[in-house]
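A.B. asks: Dropping the structure in here first, questions after.
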Amino acid sequence: MPTMLKFYLENVFHLIFFAKLPEAYAVSDPIVNVMPIIPLFFFLLAFVWQASVSFR
Numbered sequence: 001m002p003t004m005l006k007f008y009l010e011n012v013f014h015l016i017f018f019a020k021l022p023e024a025y026a027v028s029d030p031i032v033n034v035m036p037i038i039p040l041f042f043f044l045l046a047f048v049w050q051a052s053v054s055f056r
């Protein structure tokens, strides 16, 4: 049973994270690869902002 679970999780991982865009949107593929990281930049920006005002 653990082997089937591992197989299933690997397939789900590849479907979610490695989906291929349709041919018409292939030009924007590099941008789409970076987009999930953008919210992390806002999260880190909050810490930088608080550090700049000495965590008031």
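Each residue of the sequence shown is one higher than the one before, counting from 1 in UniProt numbering.
Virtual Cβ for every residue (Gly too), placed ideally from N, Cα, C.
(1) Would you mind reading off the limits of the alpha helix (DSSP H) that contains L21?
(2) Compute the Euclidean distance between the alpha carbons of F41 and V27, then round it to the nearest angstrom.
(3) Give every residue of the same chain whose Cβ lies closer than 6 Å to the Cβ of Q50, excluding the five residues on either side of it in the sequence, and list them in chain order.
C.D. replies: Straight from the coordinates:
(1) Going by DSSP, L21 is part of no alpha helix (DSSP H) at all; its letter is neither H nor E.
(2) Note on geometry: alpha-carbon atoms of F41 and V27 lie some 24 Å from one another.
(3) Cβ neighbours of Q50 beyond the five flanking positions: none.
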